[in-house]
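The structure appears below as structure tokens.
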Amino acid sequence: MPQHDRAVAGKAEPRADHRRGLGSAVSRRTPSPRVGRIAGVLIVAVLVGLGLALRRPSEGPPEHLDRSNPPAPIDLTWPTQARPETGQVALGRTIYDRECASCHGANAEGQPNWTQALPDGSLPAPPHDASGHTWHHSDAELIRIILMGGTVYDPNSNMPAFAEKVTVEEAEAILAYIRTYWGPRERSYQAEQTRRWETIREQVMPTPTVVDP
117 MPQHDRAVAG KAEPRADHRR GLGSAVSRRT PSPRVGRIAG VLIVAVLVGL GLALRRPSEG
177 PPEHLDRSNP PAPIDLTWPT QARPETGQVA LGRTIYDREC ASCHGANAEG QPNWTQALPD
237 GSLPAPPHDA SGHTWHHSDA ELIRIILMGG TVYDPNSNMP AFAEKVTVEE AEAILAYIRT
297 YWGPRERSYQ AEQTRRWETI REQVMPTPTV VDP
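Going by my numbering, the sequence shown runs without a break in its numbering and finishes at 329.
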């Protein structure tokens with residue numbers, strides 16, 4: 117190789133090294149704004165995907181939900197109609213359907229115009245739900261009417277006595293079923309009337325003291 121060529125070749129290598137050095141320096145520089153924007157978009161996309169995954173119903177609510185102020189509980193108070201029947205209430209419904217529904221209605225609604233007297237002076241069968249007056253009376257009064265007939269309450273009543281068809285326990289079951297048609301106010305009032313009646317009965321007819329012989 118001619119001496120000039122060797123000299124040129126000898127000078128070329130430092131330039132190559134210099135370019136490689138520049139390349140290394142460039143590679144260590146901060147990424148360009150465009151690269152930063154692309155990376156930012158990718159990060160946001162990943163975060164959004166994670167957020168959607170957390171919201172999947174199968175994995176429950178997100179952990180960031182504020183539980184310090186939970187929603188008001190759902191009102192599950194039974195309406196003024198019959199509740200699911202078990203035990204005494206179920207027995208009461210059976211007897212009511214057999215002995216009472218024909219006059220007082222399948223749903224304790226009573227007969228039409230029950231507050232208006234008939235030509236014979238009697239009143240139609242009243243409703244036993246909250247719209248009537250059954251809940252105005254104590255258990256003792258109602259059981260007495262069931263067993264002895266409506267005349268113990270109203271001399272003009274046409275309600276027959278059921279003592280030959282219904283026992284005291286069955287009459288109590290009928291009342292347990294009828295109460296399912298009342299709201300809290302009616303049940304509370306009727307319970308108070310029952311307590312008052314029991315108090316009066318104990319005062320008038322105290323329990324006799326049993327003396328051992």
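Glycine residues also receive a C-beta, built at the ideal position from the N, C-alpha and C atoms.
Query                                                                                                                                                                       : Result
What are the uninterrupted segments assigned as alpha helix (DSSP H) that are 4 or more residues long and contained completely in the region 209-269, given in chain order? : 217-220, 255-264
Of the residues 218, 270, 248, 257, which one's Cα is nearest the Cα of residue 313?                                                                                        : 257
So, for residue 277: in the same chain, excluding its five sequence neighbours on each side, which residues have a beta-carbon less than 7 Å away from its beta-carbon?     : 263, 264, 265
On the three-pair Cβ rule with 8 Å, is the region 244-255 touching the region 287-302?                                                                                      : yes
Using beta-carbon positions only, say whether residue 293 and residue 208 come within less than 8 Å of one another.                                                         : yes
Compute the Euclidean distance between the alpha carbons of residue 233 and residue 240, then round it to the nearest angstrom.                                             : 7 Å
Using only the alpha-carbon positions, how far apart do residue 283 and residue 236 sit?                                                                                    : 30 Å
Determine the direct distance from the alpha carbon of residue 261 to that of residue 269, and round the result to whole angstroms.                                         : 7 Å
In this structure, does DSSP put residue 174 in helix, strand or coil?                                                                                                      : Confidence in residue 174 is poor, its pLDDT being 41 and thus under 50, which makes the residue's placement unreliable; the coordinate value appears in the next sentence. In this structure, residue 174 counts as helix in the three-state DSSP scheme.
Assuming residue 279 is part of the alpha helix (DSSP H), what are its boundary residues?                                                                                   : Segment: none, residue 279 is in no alpha helix (DSSP H) and carries neither H nor E.
Tell me whether residue 212 is buried or exposed, calling it buried when 16 or more other Cβ atoms sit within 10 Å of its Cβ.                                               : buried
Mind reading off the beta-carbon distance from residue 291 to residue 255? Whole number of angstroms is fine, and I expect it under 8 Å.                                    : 6 Å
Excluding the 5 residues flanking residue 289 on each side, which residues of the same chain have their C-beta closer than 7 Å to its C-beta?                               : 204, 207, 208, 211
Pick from 305, 302, 224, 308: whose alpha carbon is nearest that of residue 243?                                                                                            : 224
For residue 297, name the three-state secondary structure that DSSP assigns.                                                                                                : coil
When you compare only the Cα positions, how much space is there between residue 302 and residue 214?                                                                        : 25 Å
Apart from the five residues on each side of it in sequence, which residues of its chain come closer than 7 Å, Cβ to Cβ, to residue 229?                                    : 240
For residue 287, count the other beta carbons within 10 Å of its own beta carbon; 16 or more makes it buried, fewer makes it exposed. Which is it?                          : buried
Quick one: residues in its chain with C-beta nearer than 6 Å to the C-beta of residue 306, no 5 flanking neighbours on either side, listed in chain order?                  : 251
Relative to the alpha-carbon of residue 285, which residue among 259, 272, 221 has its alpha-carbon at the smallest distance?                                               : 259
Which of the three DSSP states, helix, strand or coil, is assigned to residue 309?                                                                                          : helix
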